[in-house]
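Residue numbers (the numbering used here), protein chains in the order written: chain V, 1 to 636; chain W, 1001 to 1080.
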Amino acid sequence: MDLIADLGWLRRAPVNFRQRCKHLDSQTGGLDAEADAELIDLSNYALDLNQLERLGKLAAKRSLRDAGGLLTRFKLGLIGSGTLSLIASAIPGSGLRHFVLIDVVEADYGRSLEQAMDPTSRIRSSGLDSVLIAFDYRDLHLTAAASDSHTANEQVESAFAHLKAVAENLRPSLSGPILVQTLVPPVEPLFGSLDAAEASSPYAMVQALNRRIVEWVSESDVVLVDAARFAASVGTVRWLDAVHWHSAKLPIAPQLVPLLADLIARTIGALRGKTRKCLILDLDNTVWGGVIGDDGLDGIAIGQGSAEGEAFLAVQRAALDLRARGIVIAVSSKNDEEVAWRPFSDHPDMLLRKEHISVFQANWQDKASNIKYIAESLNIGTDSLVFLDDNPFERELIRRELPFVAVPELTDDPAQYVTILALAGYFDTISVSPEDRKRAEYYQANAERTSILASSTDLEGYLKSLDMVCTIRPFDSIGRARVAQLINKSNQFNLTTRRYTEAEVASMEGSADKLTMQIRLADKFGDNGMISVVSFDKSASQWSNDLWLMSCRVLGRRVEEAVLAHVAAAAKAEGVQRLIGTYLPTAKNQMVAGLYQRLGFSLVESRADGVTVWELALDNYSAPELPIKIVADQIA
Amino acid sequence: MPGVTIEQLREIVSDVFDDEDVEISEETTAHDVEGWDSLNHIRFMVTVEQRFNVRFTSREVESLQNVGDLLRAINSKSQT
């Protein structure tokens, strides 16, 4: 098995895959959590083209019903070089792995610019969320060498201009950002190794074009799908299969389509906020070699000096790298707690230390219970977890009991663990904000707060002791990326679940008919960063809530009351009489169904679809006394 | 050595076109099977290549007219 080409982090497809699909297809009925779990489980195998096609049909059928549960919808256009149908048919099945029901609309073959410019074309008129722009160098006049470096540069610029023109013409018809693929560079050398340095070679031109694409991505909201990197890892000669290009204009060998489809699907998952948040590590034979309870401190393999010890060291380093970019690290191990801690405190070669682990579960209970506990104490869903364990029994147990946890398959060689974990792309993200980097610390502090709370019976006194400071500012360019991220990621504490792109957020900045708020919370344990986003639409007599969402990290801290006090004060100052709030129910935001009532609003309308509308008469409102200091900063 | 049989090919056709009762003969062409369009044809050929561990050249792909041609092409390859 090839770790990359065969999606080595996934289980091999079961022999009864087809029967399971049939069985699932025969089940009718509305929203069924069990059916969704089976659908997602079926996607978590390494599937071939036929299997992906079959699963994609089930995904399309599922998509006809209400969105709900963990699955979110996404309508993706595909435009670019050659025959994209094979890729298109593999994407919906792959999307399930990343909790997205992807509906693919393929542009007609060829003439991409004409279709992008024509507002009546299918790709323009399908109400797409996004389009993937996927060109092939063999289709962009980059197959022949240029006569000199100046001409080469012109050819690259013209190819880039073409690609960008397709994108810019499509943009007005999209509700989300554009996705663009890097181009896989040619296999065949012209000058030999000199190609890399000789600007006129096709290889150098494609590389130059890729650099232009990457620049474009880094200075805009365009999202990259780095096909070239995957192709290099798996082998460009396999990827750019000449037989299939000549016979059917397939830009990628059919055998590798499942890999590309997963890369596209995971990027869309990241765009929809499905990036996993926490890595749970087993200990024995996962982060060190051997069994600490049997082998003792000097018997386990960790550190320089042995191949095995170095392999486990690499696992620890990878975990620390993830932590440094904001992924929370937890432990689930079958051990006595005190024994399991010992290497962390006493072994000189351990990189992982006690302070890196946010939740530590070492006991003799089943791991499913431990992992559920980890999710609860971090206040995140099991769909945010990745579980790394060398033991196939534990992996199967978790897949069966907690089907939304990502459980990578591991080989019996620890030297491959890091590669497998990284290739699976669980933590792929489309942007990095400073808050991301600090997230692990927030969760750490949260665990400490929880433990103080456990020993405290006086909640009010506890909240006061936190010395909370809430900073409220209107939307601005500095906070834009994080505001958009929160808008697209928050599911539970979210009254309207309206999703806006970064560009839409930008257009709200400084708008006179809106009250926008980005809210940060700090306390004595640290800065929680931006944790809530709110906006109201203003009219002379009333302000209506458009967005109100908050990170669940700060639940129970009375931030929502501070927010309302701020809005009410601002509205009163402008002579407004009432605030209007709307609750739009989803499968995940039940927790805020009663929020307006709790805040003193009265119900004015309750619709059959569960939508409720609320009103707060500002004459009767007075702000409560809060254990939070509010710093309102009106300068954008 | 008998090599690949028409029944083995039938199973692949059945799998690719999701039709358990499909029947094929040596004379069967793409026109005879519902859903056998150019896209499914690629998927079919790739499945054949993977299942029997053979690889067709561009010329062979173009010259195959029916199931019998395909069967002969596979068997001529897997014997060498």
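Quick reminder that beta carbons are idealized off the backbone N, C-alpha and C, glycines included.
Computed from a predicted structure; not experimentally measured.
Query	Result
Put S455/V into one of helix, strand or coil per three-state DSSP.	In this predicted model, S455/V has a pLDDT of only 49, less than 50, meaning its place in the structure is not dependable enough to derive any value.
Quick check: what's the CA-CA separation for D226/V versus H244/V?	22 Å
Kindly list the residues whose CB is nearer than 8 Å to the CB of D413/V, restricted to its own chain and excluding five residues on each side of it in sequence; keep chain order.	A311
Leaving out five residues on either side along the sequence, give the residues of the same chain with a beta carbon under 7 Å from the beta carbon of L351/V.	L313, Q316, R317, L320
Closer than 8 Å is the cut-off here; do at least three beta carbon pairs connect the region 490 to 504 of chain V with the region 581 to 597 of chain V?	yes
Does any residue of chain V have a CB that is nearer than 7 Å to the CB of V1013/W?	no
What are the partner residues of Q542/V, as DSSP defines its beta bridges?	R578/V
Give me the Cβ distance between R323/V and H356/V, rounded to the nearest whole Å; I'm assuming they're in contact under 8 Å.	6 Å
Count the other C-beta atoms from every protein chain shown that fall within 10 angstroms of the C-beta of M517/V, then say buried if there are 16 or more, exposed otherwise.	buried
Buried or exposed: R12/V, going by 16 or more other Cβ atoms within 10 Å of its Cβ?	exposed
Return yes when the Cβ of S112/V is within less than 7 Å of the Cβ of V187/V, no when it is not.	no
Which residues in chain W have a C-beta closer than 8 Å to the C-beta of Q255/V? List them in chain order.	V1046, Q1050
Is N16/V close to chain W, meaning its C-beta is less than 7 Å from at least one C-beta of that chain?	no
Please go through the region 246 to 304 of chain V and give each complete alpha helix (DSSP H) segment of 4 or more residues, from N-terminal end onward.	257 to 271, 292 to 295
Taking 7 Å as the threshold (beta carbon to beta carbon), is S1058/W in contact with chain V?	yes
Any chance you could list the alpha helix (DSSP H) runs of at least 4 consecutive residues sitting entirely within the region 49 to 109 of chain V, in chain order?	49 to 64, 85 to 96
Would you call the region 102 to 112 of chain V and the region 141 to 152 of chain V touching, i.e. three or more CB-CB distances under 8 Å?	no
For N1066/W and R1072/W, what's the separation of their Cα atoms in angstroms?	10 Å
Provide the residue(s) that pair with W548/V in DSSP beta bridges, ordered along the chain.	V534/V
Given this structure, state the Cα-to-Cα distance separating F99/V from S130/V, to the nearest angstrom.	17 Å
Buried or exposed for S455/V, going by 16 or more other Cβ atoms inside 10 Å?	Confidence is the limiting factor: at S455/V the pLDDT is only 49, short of 50, which leaves the residue's position unreliable and the question unanswerable from this model.
Within the continuous beta strand (DSSP E) that includes A362/V, where are the two ends?	357 to 363
Chain W partners of A248/V, CB-CB under 8 Å?	S1038, I1042
So S85/V contacts chain W; which residues on that side make the cut at Cβ distance below 7 Å?	L1039
Measure the CB-CB distance between G299/V and K489/V and report whether it falls below 7 Å.	no
Over what stretch of residues does the beta strand (DSSP E) that includes Q181/V continue unbroken?	179 to 181
Does the region 132 to 143 of chain V touch the region 176 to 191 of chain V, meaning 3 or more C-beta pairs lie closer than 8 Å?	yes
At least one CB of chain W closer than 7 Å to the CB of V243/V: is that the case?	yes
What is the rounded straight-line gap between the Cα of N491/V and the Cα of A301/V?	42 Å
Helix or strand or just coil, what does DSSP make of F525/V?	coil
Alpha carbon to alpha carbon, how far is K1077/W from L170/V? Give it in angstroms, no decimals.	47 Å
Report the residue ranges of all alpha helix (DSSP H) runs contained in full by the region 577 to 622 of chain V; include only those spanning at least 4 residues, in chain order.	595 to 598
Could you pull the start and end residues of the alpha helix (DSSP H) that R395/V belongs to?	392 to 401
Against N50/V, what residues of chain W qualify as contacts under a CB-to-CB distance less than 8 Å, listed in chain order?	D1015, V1016, R1043, T1047
Report yes or no: is there a C-beta of chain V within less than 7 Å of the C-beta of M1001/W?	Confidence at M1001/W is low in this model, with a pLDDT of 46, below 50, so its placement is unreliable and no value can be given for it.
Within its chain, find whatever has a CB closer than 8 Å to the CB of D436/V; leave out the 5 residues flanking it on each side and keep chain order.	R325, G326, T429
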